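Input: a single structure, listed below in structure tokens.
2 protein chains.
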Amino acid sequence: MPEAALRRSVAINVAHGNAAAHCADCEARHIGMCDALTDDEISFLARTAQRTTVAAGKVFIEEQEPAAYFYNISAGNVRVFKSLPDGRRHITGFMGVGQFLGLDVAGSYAFSAEAMGEVQLCRFHRKALHEVFGEFPALERRLLNIATHELTVAHDQMLLLGRKTAQERVASFLMTWAERNEHCPAGGVPKPGQKLPLPMTRIDLADYLGLTIETVSRSLSAMKRDGLIALDHAHEVLLLKPQRLADIAAGEA
Amino acid sequence: MPEAALRRSVAINVAHGNAAAHCADCEARHIGMCDALTDDEISFLARTAQRTTVAAGKVFIEEQEPAAYFYNISAGNVRVFKSLPDGRRHITGFMGVGQFLGLDVAGSYAFSAEAMGEVQLCRFHRKALHEVFGEFPALERRLLNIATHELTVAHDQMLLLGRKTAQERVASFLMTWAERNEHCPAGGVPKPGQKLPLPMTRIDLADYLGLTIETVSRSLSAMKRDGLIALDHAHEVLLLKPQRLADIAAGEA
DNA sequence: CGTGACATTGACTAGTATCAACCAAAGTGG
DNA sequence: CCACTTTGGTTGATACTAGTCAATGTCACG
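Chains as they are written, first to last, in the numbering used here: chain A, 1 to 253; chain B, 254 to 506.
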């Protein structure tokens with residue numbers, strides 16, 4: 001959605017006034033869950049919203065904690081993850097501006113969330129949100145759409161984790177990440193030479209793809225050796241043969 | 254939910270009259286998406302519903318096909334899966350009575366569905382369903398709850414696929430399957446000696462857990478050897494040490 | 001009783017994890 | 001301003017879990 005990107009770059013400066021002004025001028029205004037609402041509805045919603053800033057590296061949602069709040073990300077990126085008692089971790093997703101946190105909840109949070117850099121959040125009391133539903137069914141409709149979309153993404157990821165090889169996983173990630181960063185012309189493949197930033201660490205990638213950092217590194221090196229990508233800095237790839245990458249990602253022989 | 258099980262066993266005989274009668278007497282009436290509706294609402298909804306029977310082994314939803322219908326299962330079990338071009342398959346879930354199909358959809362189905370035995374379905378035109386939403390917001394609310402619950406389950410499964418060992422995966426499956434079959438006292442662990450039917454084949458289990466049939470078989474054999482389960486018939490286990498199984502499933506050292 | 005599908009078990013292999021060394025970039029402090 | 005440390009990334013050697021290939025066993029069904 002290049003349109004959304006445009007809008008984002010326009011609405012850079014976040015307001016400093018009351019909450020209503022915050023919501024109306026929010027840089028996530030046209031991307032996330034507020035997209036479905038009119039300005040009147042926004043200002044109503046704003047009464048229950050609070051802006052918070054979270055420092056880099058801070059885990060601001062802990063799995064098992066009572067799920068009091070619903071969050072919408074207004075700036076920065078967030079890792080969403082689950083852990084096993086011995087420390088094994090799995091990242092279920094990287095969430096960015098306009099996306100929100102707190103859907104998969106049943107009383108307690110079913111996941112933890114950590115700020116990847118400094119993050120700005122818009123926070124709603126879940127109880128208040130339910131009251132808002134009564135007034136603005138459009139919001140509920142919107143959340144259902146988002147939830148079903150996330151379900152689709154989750155099922156794709158299960159196929160990846162259950163049945164794809166290391167190379168296929170990394171290729172799949174590069175393709176979906178390119179799409180997410182709006183480098184793909186309408187559902188297609190990025191153009192050859194497309195530059196793609198990778199803000200996350202190799203540990204993040206490994207925990208997201210069900211691999212180790214070494215295997216992620218080796219897979220990327222193999223792609224580089226095969227001329228599929230260029231990799232000068234660890235946090236930026238050039239997609240030299242995106243079509244080939246897409247084929248690998250899809251599991252083509 | 255033992256209450257639901259009770260109701261199910263009472264409402265055994267499915268009506269043969271008009272659609273409204275079908276819905277009112279449906280054995281899934283109190284379990285699935287219709288649970289949120291009054292009898293009046295049900296009869297309204299029924300106008301758009303069709304009953305269909307699907308033969309064992311039939312793939313009645315194909316990934317990529319236009320998603321015209323929304324389904325609710327009134328009898329039998331369904332495998333939901335995704336495939337890669339070379340035949341690799343991943344089962345995202347086993348769906349039973351009262352559950353429904355067609356949530357993770359964006360124009361086209363994002364999954365395929367196959368009848369495990371003979372299956373009875375209640376089918377709704379998606380378009381009609383959206384109209385019903387306008388009349389009965391309760392239905393939409395209900396679907397949002399179901400979608401978020403499925404999201405939680407999907408995220409648990411991602412942790413399993415990405416980070417758990419073969420033994421842990423099989424133990425996890427046994428525990429969630431026991432819970433699903435209402436063999437667990439309110440969120441706890443099944444009682445020792447609990448009998449658990451496994452209607453699916455080893456191939457299904459392997460494709461669900463991201464393993465091969467041999468590894469599933471070996472994991473079960475190892476559990477049997479260790480006295481955790483008894484396994485006289487391939488499609489029935491006795492949970493001898495459910496607490497130990499639960500610990501393994503949770504990834505305890 | 002024979003057939004075929006499914007399951008188990010064993011021997012061997014392969015892909016990924018583990019362990020370890022090395023490297024590069026970014027701080028940090030004298 | 002430059003050694004020193006820290007953090008993150010790459011690469012190599014080796015180990016191990018789970019996959020592959022193959023033989024055998026079991027059960028349902030005609």
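All residues carry an ideal CB built from backbone N, CA and C; glycine is no exception.
Since the model is a prediction, treat every value here as computed from it, not as a measurement.
Whole-angstrom distance between residue j and residue i, CA atom to CA atom
| i | j | result |
| --- | --- | --- |
| Pro190 (chain A) | Asn72 (chain A) | 28 Å |
| Lys494 (chain B) | Leu481 (chain B) | 5 Å |
| His235 (chain A) | Pro199 (chain A) | 6 Å |
| Met95 (chain A) | Thr201 (chain A) | 15 Å |
| Ile399 (chain B) | Asp232 (chain A) | 45 Å |
| Val350 (chain B) | Ala328 (chain B) | 5 Å |
| Thr176 (chain A) | Gly504 (chain B) | 30 Å |
| Pro450 (chain B) | Val132 (chain A) | 44 Å |
| Leu205 (chain A) | Ala302 (chain B) | 45 Å |
| Ala222 (chain A) | Gln243 (chain A) | 17 Å |
| Gly57 (chain A) | Gln120 (chain A) | 13 Å |
| Glu256 (chain B) | Ala391 (chain B) | Caution is warranted here: a pLDDT of 34 is assigned to Glu256 (chain B), below 50, making its placement in the model unreliable, and no coordinate value can be reported. |
| Pro445 (chain B) | Ala483 (chain B) | 11 Å |
| Phe364 (chain B) | Gly463 (chain B) | 17 Å |
| Lys380 (chain B) | Ala308 (chain B) | 26 Å |
| Ala321 (chain B) | Leu382 (chain B) | 11 Å |
| Thr148 (chain A) | Ile213 (chain A) | 31 Å |
| His183 (chain A) | Arg169 (chain A) | 19 Å |
| Ile456 (chain B) | Ser472 (chain B) | 14 Å |
| Glu135 (chain A) | Arg395 (chain B) | 17 Å |
| Leu84 (chain A) | Arg225 (chain A) | 35 Å |
| Val80 (chain A) | Glu63 (chain A) | 10 Å |
| Pro319 (chain B) | Pro185 (chain A) | 22 Å |
Where the alpha helix (DSSP H) through residue i begins and ends
| i | result |
| --- | --- |
| Pro242 (chain A) | 242-249 |
| Asn145 (chain A) | 137-163 |
| Lys224 (chain A) | 213-225 |
| Arg428 (chain B) | The question names Arg, but residue 428 (chain B) in the sequence shown is Met. 419-433 is the extent of the alpha helix (DSSP H) around Met428 (chain B). |
| Ala328 (chain B) | Element bounds for Ala328 (chain B): not the alpha helix (DSSP H) but the beta strand (DSSP E), 322-328. |
| Arg202 (chain A) | 202-209 |
Residue i and residue j closer than 7 Å at C-beta
| i | j | result |
| --- | --- | --- |
| Thr52 (chain A) | Arg123 (chain A) | yes |
| Ala366 (chain B) | Ile314 (chain B) | yes |
| Glu403 (chain B) | Leu151 (chain A) | yes |
| Leu397 (chain B) | Leu144 (chain A) | yes |
| Lys195 (chain A) | Leu245 (chain A) | no |
| Asp339 (chain B) | Ala249 (chain A) | no |
Endpoints, the beta strand (DSSP E) within which residue i is located
| i | result |
| --- | --- |
| Ala113 (chain A) | 112-115 |
| Gln99 (chain A) | From DSSP, Gln99 (chain A) is part of no beta strand (DSSP E); its letter is neither H nor E. |
| Thr52 (chain A) | 49-54 |
| Arg332 (chain B) | 331-336 |
| Gln373 (chain B) | 372-378 |
| Lys311 (chain B) | Lys311 (chain B) -> no beta strand (DSSP E), and no H or E assigned at all. |
| Pro450 (chain B) | 447-450 |
| Asp86 (chain A) | Unbroken run through Asp86 (chain A): none, as it is neither H nor E. |
| Leu442 (chain B) | The sequence shown places Val at residue 442 (chain B), not Leu. Where Val442 (chain B) is concerned, there is no enclosing beta strand (DSSP E), given that its DSSP letter is neither H nor E. |
| His235 (chain A) | Careful: His235 (chain A) lies outside any beta strand (DSSP E) and carries neither H nor E. |
Residue nearest to residue i in terms of C-alpha spacing, selected from the options
| i | options | result |
| --- | --- | --- |
| Phe70 (chain A) | A:Asn77, A:Ala56, A:Phe100 | A:Phe100 |
| Val406 (chain B) | B:Pro445, B:Arg394, B:Ala391, B:Glu432 | B:Glu432 |
| Lys335 (chain B) | B:Val423, B:Thr465, B:Asp460 | B:Asp460 |
| Ser470 (chain B) | B:Gly387, B:Pro319, B:Ala419 | B:Ala419 |
| Tyr362 (chain B) | A:Val80, A:Asp156, A:Ala186 | A:Asp156 |
| Thr215 (chain A) | A:Pro85, A:Phe111, A:Ala171, A:Val105 | A:Ala171 |
| Gly440 (chain B) | A:Ala106, A:Leu84, A:Glu63 | A:Ala106 |
| Asn434 (chain B) | B:Asn330, B:Gln317, B:Glu318 | B:Asn330 |
| Glu118 (chain A) | A:Asp226, A:Val59, A:Pro185 | A:Val59 |
| Leu427 (chain B) | B:Asp500, B:Glu388, B:Glu318 | B:Asp500 |
| Ala299 (chain B) | B:Glu318, B:His378, B:Val333 | B:His378 |
Using 8 Å as the cut-off, can you tell me whether the segment 159-179 of chain A makes contact with the segment 327-345 of chain B, which would need three or more C-beta pairs spanning the two stretches below that distance? Segments in contact, yes.
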